[in-house]
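One structure below.
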Amino acid sequence: MTRQTESESSHGAPGRIRLVDVLGAFSLAGDLAIGQQPEHGARSCYIGMQIADTLALPNADRRVLF
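By the numbering used here, the letter at position 25 of the sequence shown is numbered 46, and the numbering carries on one by one without gaps.
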């Protein structure tokens, strides 16, 4: 049995591209392109997800919100 490193367990299989990473990169690029503070989109997403928690939205709706 091989031991998984913390990086592998939190990021999935090595060499796999996760949707969250792609969306995060696009969000940062968009912020920089329009002159927003870096990670403005990420902060907005975080606030939206906290509201989704409060409203107990189902996962399908949270995915669209994200």
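Beta carbons are placed, not taken as given, at the ideal position from N, Cα and C, and that holds for glycine. It should be emphasised that the depicted structure is a prediction, and the values quoted were computed from it without experimental measurement.
Sequence-distant residues of its chain with Cβ nearer than 6 Å to residue i (five each side left out)
i          : result
residue 82 : none
residue 73 : 83 and 86
Check whether residue i and residue j have beta carbons under 8 Å apart
i          : j          : result
residue 59 : residue 49 : yes
Residues of its chain near residue i, where Cβ-Cβ distance is below 8 Å and the 5 sequence neighbours each way are ignored
i          : result
residue 78 : 86
residue 62 : 48, 49, 51 and 52
residue 44 : 87
residue 70 : 83, 86 and 87
Alpha-carbon to alpha-carbon, residue j and residue i
i          : j          : result
residue 40 : residue 75 : 24 Å
residue 57 : residue 67 : 16 Å
residue 46 : residue 38 : 12 Å
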